[in-house]
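Below is one structure, written out as structure tokens; the observations come after it.
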Amino acid sequence: KDNISLIGGINLSKWAGDDMDNIGENEIENQQGFKLGIEKLLDNNLISGMTFSQRGYKVESGSSEIEMQLNYLTGYLLKPQSVSTNSDLLLGFEVGYFLNGKMKMKMCIESDCTRESEDIDSDDWKDEMDGNMIDYGMIIGGKIPLNEKLSINGTYYYGLNDLSSETVLQNRSYQIYLS
28 KDNISLIGGI
38 NLSKWAGDDM
48 DNIGENEIEN
58 QQGFKLGIEK
68 LLDNNLISGM
78 TFSQRGYKVE
88 SGSSEIEMQL
98 NYLTGYLLKP
108 QSVSTNSDLL
118 LGFEVGYFLN
128 GKMKMKMCIE
138 SDCTRESEDI
148 DSDDWKDEMD
158 GNMIDYGMII
168 GGKIPLNEKL
178 SINGTYYYGL
188 NDLSSETVLQ
198 NRSYQIYLS
């Protein structure tokens, strides 16, 4: 038995940090993305995983909105701590490498709306947006087995690295997935 399992679920992400302070809390919405990958229970009872994870943010202000979706290849290590016979507390960290992304904007003046969409590759991210290629942070959450082979996991990713050297912004994500 090799203890490798496929995982899949959703991320509900926002950006946080000082540079979001001038945006009203009711204007910031979760950006939905996917989390797909593999997970392995190691001999020392740690859980290691590698995923394709989508993060980002969405802001709606009046009749305008902006969405940013960033795609990462991530690796993580989690320490399960039993809190009852059928649930574990999960604590750990995650490191992500920026792959690409997409920015969408909608601007409306009365009923006349303009939409723009721009793909972001790693060169755009590094050179034009001064983006950090590496994202890292802490994970806290829980795991509840549904049966011997399947568990539902709910975690919160608290990004520690600024998204770029020009901003004070970090990723935050609620992650809900099956493993």
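For the sequence shown, the positions run 28 to 206 when my numbering is used.
For every residue, glycine included, the Cβ atom is placed at its ideal position computed from N, Cα and C.
Per-residue DSSP class, three states only, for residue i
| i | result |
| --- | --- |
| S149 | helix |
| V127 | Rather than Val, the amino acid found at residue 127 in this sequence is Asn. Looking at N127 - three-state DSSP - the assignment turns out to be strand. |
| M95 | strand |
| E143 | strand |
| D189 | coil |
| E155 | helix |
| D45 | helix |
| N53 | helix |
is_contact[residue i, chain D] using C-beta, thresh 7 Å
| i | result |
| --- | --- |
| E92 | Structure shown: chain D not included; a single protein chain is present. |
For residue j and residue i, believed in contact at Cβ under 8 Å, the rounded distance
| i | j | result |
| --- | --- | --- |
| G44 | L63 | The pair is not a contact, with the Cβ atoms about 27 Å apart (cut-off 8 Å). |
| D148 | N127 | 5 Å |
| S91 | M134 | 5 Å |
| G168 | N180 | 6 Å |
Distance, residue j Cα to residue i Cα
| i | j | result |
| --- | --- | --- |
| M95 | N30 | 35 Å |
| I55 | E87 | 7 Å |
| M132 | L190 | 19 Å |
| S200 | Y185 | 7 Å |
| E155 | E193 | 11 Å |
| T141 | F120 | 40 Å |
| K153 | F125 | 10 Å |
| S80 | D139 | 35 Å |
| V163 | G123 | Here the sequence assigns Tyr to residue 163, which means Val is not the residue at that position. Going from the Cα of Y163 to the Cα of G123 covers about 6 Å. |
| D115 | G102 | 20 Å |
Status (buried if at least 16 other CB within 10 Å, exposed otherwise) for residue i
| i | result |
| --- | --- |
| I166 | buried |
| N49 | exposed |
| G76 | buried |
| I74 | buried |
| K176 | exposed |
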